[in-house]
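A.B. asks: Structure incoming, see below.
Number of protein chains: 2
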Amino acid sequence: MRDIFHDELEAINETLLRMSGLVKEALTDATKALLTSDLQLAEKVIAADDVIDQIHHDLDNRTINLMARQQPVASDLRNLVSTLRMSADLERMGDLAHHIAKTARMRFPNCAVPEVLTSIIIDLDKTAASIVEKLSTIIQYKDVNRALELDKDDDEMDALHRKLIAVLLGDEWTYGIESAIDMTLLGRYYERFGDHAVSIANRVYFTVTGEYIPSL
Amino acid sequence: MRDIFHDELEAINETLLRMSGLVKEALTDATKALLTSDLQLAEKVIAADDVIDQIHHDLDNRTINLMARQQPVASDLRNLVSTLRMSADLERMGDLAHHIAKTARMRFPNCAVPEVLTSIIIDLDKTAASIVEKLSTIIQYKDVNRALELDKDDDEMDALHRKLIAVLLGDEWTYGIESAIDMTLLGRYYERFGDHAVSIANRVYFTVTGEYIPSL
Chain A
859 MRDIFHDELE
869 AINETLLRMS
879 GLVKEALTDA
889 TKALLTSDLQ
899 LAEKVIAADD
909 VIDQIHHDLD
919 NRTINLMARQ
929 QPVASDLRNL
939 VSTLRMSADL
949 ERMGDLAHHI
959 AKTARMRFPN
969 CAVPEVLTSI
979 IIDLDKTAAS
989 IVEKLSTIIQ
999 YKDVNRALEL
1009 DKDDDEMDAL
1019 HRKLIAVLLG
1029 DEWTYGIESA
1039 IDMTLLGRYY
1049 ERFGDHAVSI
1059 ANRVYFTVTG
1069 EYIPSL
Chain B
859 MRDIFHDELE
869 AINETLLRMS
879 GLVKEALTDA
889 TKALLTSDLQ
899 LAEKVIAADD
909 VIDQIHHDLD
919 NRTINLMARQ
929 QPVASDLRNL
939 VSTLRMSADL
949 ERMGDLAHHI
959 AKTARMRFPN
969 CAVPEVLTSI
979 IIDLDKTAAS
989 IVEKLSTIIQ
999 YKDVNRALEL
1009 DKDDDEMDAL
1019 HRKLIAVLLG
1029 DEWTYGIESA
1039 IDMTLLGRYY
1049 ERFGDHAVSI
1059 ANRVYFTVTG
1069 EYIPSL
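Taken in order, these protein sequences are the chains called A and B.
Residue 1074 is where the first sequence ends in the numbering used here, and the numbering goes up by one at each step.
Residue 1074 is where the second sequence ends in the numbering used here, and the numbering goes up by one at each step.
This is the structure:
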């Protein structure tokens, strides 16, 4: 019985890993669509979000079925509960990439991001991509040291977000209110994307060690 | 065994109800603090968020312990899994009230909301309060008809949110970029607050009927 259980747990973990790969791709594509006003790519991200939602839905059903059939206790049960939460976080990260792609589509054929903010958006995307890259390792190998690192990477996201707001408030901002609203929301989407990644890393840390990450 | 289980399930449901009461109070207080530049009230909401977080944390532990001890299957198991999700949504609603209170504190002694937007913020608060009021009934009585209604109420939140953005983009907006950023984020917090309430209503609907709300 235990072997079947751990095989299924392993398969569930692989699905989480697949979700994190899809979410990374969605964010990278959404950022590219945003910066290059690529409508086709934006539409691709928007459509792909349904796939992530479906995987999330199926994964939850599999997890709940496994709970019902195998009746796990202690750490096995906590592991499955963590899976449900990680899957919800990943699904939400997909939504945020979807929001970014929708902003690109809304402003097409114009570019939603004024040149003065291009480099910050590139940095937000790069930092977020590196966070999801680490997240995949954390999920795959239950790597608690990397989980500890992620909090620092997220500080970088927050710093970039503050930098973005500073540009909006600076003298060089001549792009008006509509663009300021777009950029405020875009900044928020990237920031929340990072928050959800940290939340997943925390769950892995807790599942492995039974403790919360100290700084939290 | 079943009676103990259902007694505990009932107690868990009461805690969800208590959380929804606290979340409603937090939002009402946060809005009042925001509109009247009441620093003390803002601080109260900010501090009270720790209480909501603690209840969320304890509730999750109780739910997982109940799963481990009673090994529920089928609808009882789905019920407990729903509890975990509803508790996470309520905790997030508390965070959003906390964000609103922090905006009030950040702009103190000034008022973060320009007069031209006061009535929209009042309406967002009123609609959100009525949504959480219904949500309490939905949680308490597993009232699926009310759960269906909530989606419509949330449309009103979205309409108010669009109205807010329209004011920011209109000619009468003379309050500059900083205030536009504040109001964009505030609008987003209220909108997300409504989204989480709908998500909870959907889970109750699903738990009772075994089906998803048709319009979704």
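Virtual Cβ for every residue (Gly too), placed ideally from N, Cα, C.
#1: Chain B partners of Gln929(A), CB-CB under 7 Å?
#2: Who are the near neighbours of Leu875(B) in its chain, counting only those whose CB is closer than 7 Å to its CB and skipping five residues on each side?
#3: Measuring alpha carbon to alpha carbon, tell me which residue in Ala869(B), Ala905(B), Ile862(B), Ile1071(B) is nearest Asp1009(B).
#4: Any chance the region 905 to 919 of chain A sits against the region 943 to 952 of chain A, with 3 or more Cβ pairs inside 8 Å?
#5: Just the chain A side, please: which residues come within less than 8 Å of Met964(B) by C-beta, in chain order?
#6: Listed in chain order, which residues of the region 1002 to 1025 of chain A have Cβ atoms closer than 8 Å to some Cβ of chain B?
#7: Would you say Arg920(B) lies against chain A (beta-carbon separation less than 8 Å)?
#8: Determine which residues of the region 1032 to 1051 of chain A have a Cβ less than 8 Å from any Cβ of chain B, and write them out in chain order.
#9: Under 8 Å between C-beta atoms, does Leu935(B) make it to chain A?
#10: Relative to the C-alpha of Ala905(A), which residue among Leu935(A), Asn1060(A), His956(A) is closest?
#11: Which residue spans inside the region 1012 to 1058 of chain A form an unbroken alpha helix (DSSP H) run of at least 4?
#12: Could you say which of Met925(A), Ala1055(A), Glu1049(A), Gly1034(A) lies nearest to Leu1006(A) if we only look at CA atoms?
#13: Residues of chain B with a CB under 9 Å from the CB of Leu942(A): which are they?
#14: Are the CB atoms of Leu892(A) and Leu961(A) within a distance shorter than 8 Å?
#15: Out of Ile870(A), Leu1026(A), Trp1031(A), Asp911(A), state which residue places its alpha-carbon closest to the alpha-carbon of Asp953(A).
#16: Since I believe Arg965(B) is in contact with Arg1061(B) (beta carbons under 8 Å), could you give me their beta-carbon distance rounded to a whole number of angstroms?
#17: If the criterion is Cβ atoms closer than 8 Å, does the pair Leu899(B) and Asp887(B) meet it?
#18: Counting only beta-carbon separations shorter than 8 Å, does Ala932(A) have a partner in chain B?
#19: Mind checking if Met877(B) is an interface residue toward chain A, Cβ cutoff 8 Å exclusive?
#20: Going by CA-CA distance only, name the one from Val939(B), Leu982(B), Thr1067(B), Asp908(B) that's closest to Asp1013(B).
#21: When we look at the beta-carbon of Arg1004(A) and count the other beta-carbons within 10 Å, is it buried (16 or more) or exposed?
C.D. replies: In this structure, then:
#1: Under a criterion of Cβ atoms nearer than 7 Å, the residues of chain B adjacent to Gln929(A) are, in order, Gln929.
#2: Counting only Cβ-Cβ distances below 7 Å, and skipping sequence neighbours, we find Ser994, Ile997, Gln998.
#3: Checking every option, the nearest Cα to that of Asp1009(B) belongs to Ile1071(B).
#4: A contact exists between the region 905 to 919 of chain A and the region 943 to 952 of chain A.
#5: Within chain A, no residue comes near Met964(B); the closest Cβ sits about 12 Å away, beyond 8 Å.
#6: Those would be Ile1023, in chain order.
#7: For Arg920(B), the answer is no, since every Cβ of chain A falls outside 8 Å of its Cβ.
#8: Within the region 1032 to 1051 of chain A, the residues whose Cβ lies closer than 8 Å to some Cβ of chain B are Ile1035, Glu1036, Ala1038, Ile1039, Thr1042, Leu1043, Arg1046, listed in chain order.
#9: Yes, Leu935(B) counts as interfacial toward chain A.
#10: Distances from the alpha-carbon of Ala905(A) to those of Leu935(A), Asn1060(A), His956(A) put His956(A) closest.
#11: Taking 4 residues as the minimum length, the region 1012 to 1058 of chain A contains no alpha helix (DSSP H) run wholly inside it.
#12: Considering only alpha carbons, the answer is Ala1055(A).
#13: Val939, Leu942, Arg943, listed in chain order.
#14: Sequence inspection shows Thr at residue 961(A); the Leu mentioned does not correspond to that position. Taking 8 Å as the Cβ cut-off, Thr961(A) and Leu892(A) qualify as a contacting pair.
#15: Relative to Asp953(A), the option among Ile870(A), Leu1026(A), Trp1031(A), Asp911(A) whose CA is nearest is Asp911(A).
#16: Contact between Arg1061(B) and Arg965(B) does not hold, since the beta-carbon distance rounds to 36 Å and is not under 8 Å.
#17: With respect to Asp887(B), Leu899(B) sits close: the two C-beta atoms are nearer than 8 Å.
#18: Using beta-carbon distances, Ala932(A) counts as an interface residue toward chain B, with a partner under 8 Å.
#19: No, because no Cβ of chain A sits closer than 8 Å to the Cβ of Met877(B).
#20: Of the listed residues, the one whose Cα sits closest to Asp1013(B) is Leu982(B).
#21: It counts as buried.
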